[in-house]
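Enquirer: Please find one structure pasted underneath; my questions will follow.
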Amino acid sequence: MSRGFDGEFASVDLLLGSECESRGVDGFCLAWIKLERQLRKITANLLYQASDITRADTGKIRAALHDHGGLSHNSFIGAIGHLSGVSVSDLIGDRYRGLKREVEASFRNRQKILHGQQTDESLSREALIGRITDIREWCERLSAGAMDRFGYDGFSGPTSLFKTNRGDVIAAVDKAVKRRGWQEYAKTFQR
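In this note's numbering, the protein residues as written are 90 to 280.
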């Protein structure tokens, strides 16, 4: 797997290898952050491929994503498919359906855990580590698929805002943002 993926999950591995009583829930929360971050960074990278975006626009892209009020993992999944013409299902491959089901269960758990609420599932440390395993597999498969199709995996490099110079990706992104322009698209995209 890529150094980006391995490096990104090194902190999760440190938590899981520790003796901390809360390592299951802490690792789960951190793994979820990694998943959402990867999706956001792939989306940002794809958007940056628009032919009328330049280095001078990086601040505008960051501001648009920051100011967008309705972003979630699902809106990023939708944006990746819309911008590239390639679904996240295609990027992840044959395990998509099962992993998507587990990611949605993890999202419901995340909503409760991050708001200090009970999940009503009495999740043990082992169950949370199982969720981490599913999140990790989702991210690993998405990383490989995105690198292959787009030239960026959502983890590598210091920034996601760079040109990959892939003609097919540029054409797909230009087509996706043509009607409203990339700035309006970045401010308003939904699932």
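In this text, a Cβ means the ideal position worked out from N, Cα and C, and glycines have one as well.
Values in this document were obtained by computation on a predicted structure and should not be read as measured data.
CA-CA distance, Thr277 and Gly159?
Expert: If you take the alpha carbons of Thr277 and Gly159, they lie about 8 angstroms apart.
Enquirer: For the alpha helix (DSSP H) holding Asp115, just list the boundary residues, first then last.
Expert: Residues Arg112 to Tyr137.
Enquirer: Using 8 angstroms for Cβ pairs, my map puts His162 next to Phe196. What's the rounded Cβ distance?
Expert: About 7 angstroms separates the two Cβ atoms, so the contact holds.
Enquirer: Here's the rule I'm using: 16 or more other beta-carbon atoms within 10 Å means buried, otherwise exposed. How should Asp223 be labelled?
Expert: Its Cβ being crowded by 16 or more others within 10 Å, Asp223 is buried.
Enquirer: If you check the beta carbons only, do Ala235 and Tyr241 fall under 8 angstroms apart?
Expert: Closer than 8 angstroms, so yes.
Enquirer: How would you call Arg190, buried or exposed, if buried means at least 16 neighbouring beta carbons within 10 angstroms?
Expert: Arg190 is exposed by the Cβ-count criterion.
Enquirer: Is it the case that the Cβ atoms of Leu212 and Gln127 are separated by a distance below 8 angstroms?
Expert: Result no, Cβ atoms of Leu212 and Gln127 do not sit closer than 8 angstroms.
Enquirer: Note the first and the last residue of the continuous alpha helix (DSSP H) segment covering Glu273.
Expert: Segment Trp271 to Thr277, the alpha helix (DSSP H) holding Glu273.
Enquirer: Should Cys228 and Phe117 be called a contact, given that it needs their Cβ atoms to be closer than 8 angstroms?
Expert: Cβ distance not < 8 angstroms, so Cys228 and Phe117 don't count as in contact.
Enquirer: Below 6 angstroms CB to CB, which residues in the same chain sit around Arg255 once its five sequence neighbours on both sides are set aside?
Expert: Taken in chain order, the residues that qualify are Gly240.
Enquirer: May I ask which residues mark the beginning and end of the alpha helix (DSSP H) holding Leu180?
Expert: Per DSSP, Leu180 belongs to the alpha helix (DSSP H) from Val177 to Ile181.
Enquirer: With DSSP as the reference, label His157 as helix, strand or coil.
Expert: Looking at His157 - three-state DSSP - the assignment turns out to be coil, as it is neither helix nor strand.
Enquirer: Within 10 angstroms of the Cβ of Ser111, are there 16 or more other Cβ atoms? Answer buried if so, exposed if not.
Expert: Under this definition Ser111 is an exposed residue.
Enquirer: Measuring CB to CB, does Ser176 end up less than 8 angstroms from Gly182?
Expert: Their beta carbons are not under 8 angstroms apart, which means Ser176 does not touch Gly182 by this criterion.
Enquirer: In chain order, what are the residue ranges of uninterrupted alpha helix (DSSP H) at least 4 long that sit wholly in the stretch 184 to 259?
Expert: List check, alpha helix (DSSP H) in window: 185 to 203 and 214 to 239.
Enquirer: Counting only the same chain and skipping the five closest in sequence on each side, list residues whose C-beta sits under 7 angstroms from that of Glu97.
Expert: Cβ neighbours of Glu97 beyond the five flanking positions: Lys123 and Phe244.
Enquirer: For Ala194, I'd like the list of residues in its chain whose CB is within less than 8 angstroms of its CB, leaving aside the five on either flank, ordered along the chain.
Expert: So the qualifying residues of the chain are Arg220.
Enquirer: Kindly list the residues whose CB is nearer than 6 angstroms to the CB of Ala168, restricted to its own chain and excluding five residues on each side of it in sequence; keep chain order.
Expert: Closer than 6 angstroms at the Cβ level, and outside the excluded window around Ala168, lie Thr132 and Phe278.
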